[in-house]
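Structure first, commentary second.
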Amino acid sequence: MNRAPASPPGIPPLEAGDPAPPVGALDETGTPVFSRADLVMGRPLVLLFGPPGDGSLQETLIAFRDRGGDFTALDALVFAVSREAPEANRALHAALGLSFKLLSDPDGNIHASYGVASAPLAVILDRNHRIARILHAATAAALAEAALAWLRANFPPRGLRVQAQAPILLLPRVLEETDCARLVELFHRPVTVWQSDGFRSEGHDKEPGDFKVDHAGSYGQLTEYVVREPAVQQFLDRCFNRRVAREIRKAFQTRVGQREDYRIARYDSASGGVLHPHRDNATKETAHRRFTMTINLNAGDYEGGALRFREYGDHYYEVERGTAVVWSATLLHEVMPVTRGARYILGVHMYGS
């Protein structure tokens, strides 16, 4: 399961890709602990929750204690959160011989911020402390094993040595797979198709609703579905504001307050789908753009179609479904030819502060 079971009224449930609510509490020694401290950030963090009084939290603590070496091998931290005061946690921590921190949440504020209504529950945060996975299991041992399995699959213990990389931002889990599938379906909705000179189409001025643009020639070979339906725009704006905007501020120290239309692009191997090298703000009409974002919608269903920023090396960027790639609109980039199937992405240009 990848969604919190409940949330306080008026607060949307947490989902994978959302920024994790900050955790600040006293541990079993009475020492303040903060999830966004420099020595905590940059590592996967597993948060454990359990209701007071029924013994399930203690069972969960034992299960995770017994697998402590496995979590350490994966460079993952574990914080358990209880509703007890630090004094009670100190006694429990000593009695069980725990190696991880046991945080006190007597007022239930941390539980509420994570929408915890039942337990045992484990919430995995990625290295950037975004929600990566929300796990339930029938037993405490199964919960620990599920957490380890997910960490092994997604956070290998030894990182790769990077020799060169374009100055881009990669953000996994911005969209869930079901959202990606719905956007691909939307692309196939029958709408008016306009032609393009490579950079501009009359459809942008003449169409009040959704429409498509066929690109061909020196710009590349692709078809874009321009999204103007209010409900779809509102959904995508919520995802962007919750999961992308703050990361752009952190990585580039820049705020983006405006955008052009969202578009769903298809690069079809049958028609030679490709996007030739270009910059996104190289003309008078596009000079206002500051950043571009694309989100892969169907990785695994096609071959080819990798992103390349060849000013920074001959590297091919291929990401999973739902992963966003954000870059400065001044960067030279291209989409390599799609050799099998069709590649779908969601794209948008951003500007303003």
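Numbering (our numbering), first residue to last: 742 to 1094. For every residue, glycine included, the Cβ atom is placed at its ideal position computed from N, Cα and C.
Asked, Found
"Check whether the region 850-858 and the region 795-807 are in contact - that is, three or more C-beta pairs closer than 8 Å.", "no"
"Please name the residue, chosen from V1089, P971, V932, F976, that lies closest to D955 on a Cα-to-Cα basis.", "V932"
"Can you tell me the Cα-Cα spacing of Y1053 and Q906, whole angstroms?", "6 Å"
"With the cut-off set at 9 Å, would you say A817 and L786 are in Cβ contact?", "yes"
"Please check the pair L910 and L788, which I expect to be a contact at CB under 8 Å, by giving their CB distance rounded to whole angstroms.", "Actually they are not in contact, since the Cβ atoms of L910 and L788 sit about 25 Å apart, beyond 8 Å."
"Identify, in the order they occur along the chain, each residue of the same chain with its Cβ nearer than 7 Å to the Cβ of G758, setting aside the five sequence neighbours on each side.", "R871, I872, R914, V915, R984"
"Identify the residues that DSSP records as bridge partners of S776: which are they?", "In the DSSP output, where bridge partners are listed per residue, S776 has none listed."
"Would you call the region 761-781 and the region 825-840 in contact, with 3 or more CB pairs under 8 Å?", "yes"
"Quick check on K953: does DSSP put it in helix, strand or coil?", "strand"
"Please go through the same chain and pick out, in chain order, the residues whose beta-carbon is closer than 7 Å to the beta-carbon of E988, but skip the five residues on each side of it.", "L910, L912"
"Using DSSP bridges, identify the partner residues of E965.", "V954, A1006"
"Straight-line CA distance for E1001 to D848?", "44 Å"
"Does the beta-carbon distance from V1060 to R1004 come in below 9 Å?", "no"
"Could you check whether E917 and V1015 sit closer than 9 Å to each other, using their CB atoms as the reference points?", "no"
"Run through DSSP, which three-state label would K1025 get?", "coil"
"Assign P750 to buried or exposed, taking buried as 16 or more other Cβ atoms, counted over all protein chains shown, within 10 Å of its Cβ.", "Bear in mind that a pLDDT of 46 at P750, under 50, signals an unreliable position, so the model cannot answer this."
"The alpha helix (DSSP H) spanning P827 covers which residue range?", "827-837"
"CA-CA distance, C945 and F896?", "The sequence shown places His at residue 945, rather than the Cys named in the question. Going from the Cα of H945 to the Cα of F896 covers about 43 Å."
"Leaving aside the five residues before and after P949 along the sequence, list all residues of the same chain whose C-beta is less than 6 Å from its C-beta, in chain order.", "none"
"Just tell me which of T813, N1037, P827 has its CA closest to the CA of V774.", "P827"
"Looking at T1027: is its Cβ nearer than 9 Å to the Cβ of V1089?", "no"
"Take E1044 and list the residues in its own chain whose beta-carbon comes closer than 6 Å to its own, dropping the five residues that flank it on each side.", "T1080, R1081"
"Given D807, which residues of its chain have a CB within under 7 Å of its CB, disregarding the five upstream and five downstream residues?", "none"
"Express the C-alpha separation of A1070 and F1050 in angstroms, rounding to a whole number.", "12 Å"
"What residue from Q962, P754, N1022 has the CA that sits closest to A1011's CA?", "Q962"
"With DSSP run on the structure shown, which of helix, strand or coil describes Y1053?", "helix"
"Starting from I851, trace the alpha helix (DSSP H) in both directions and tell me its first and last residue.", "850-854"
"In the structure shown, what three-state DSSP assignment does G751 receive?", "Any answer about G751 is weak, because its pLDDT of 48 lies below 50 and its placement is not dependable; what the coordinates show is given next. It is coil, neither helix nor strand."
"Spatial neighbours of Q936 within its chain, please: CB distance less than 7 Å, with the 5 preceding and 5 following residues excluded, ordered by chain position.", "S942, D955"
"What number of angstroms, rounded off, separates the C-alpha of L977 from the C-alpha of V822?", "33 Å"
"Determine whether the beta carbon atoms of V819 and G809 lie at a separation below 9 Å.", "yes"
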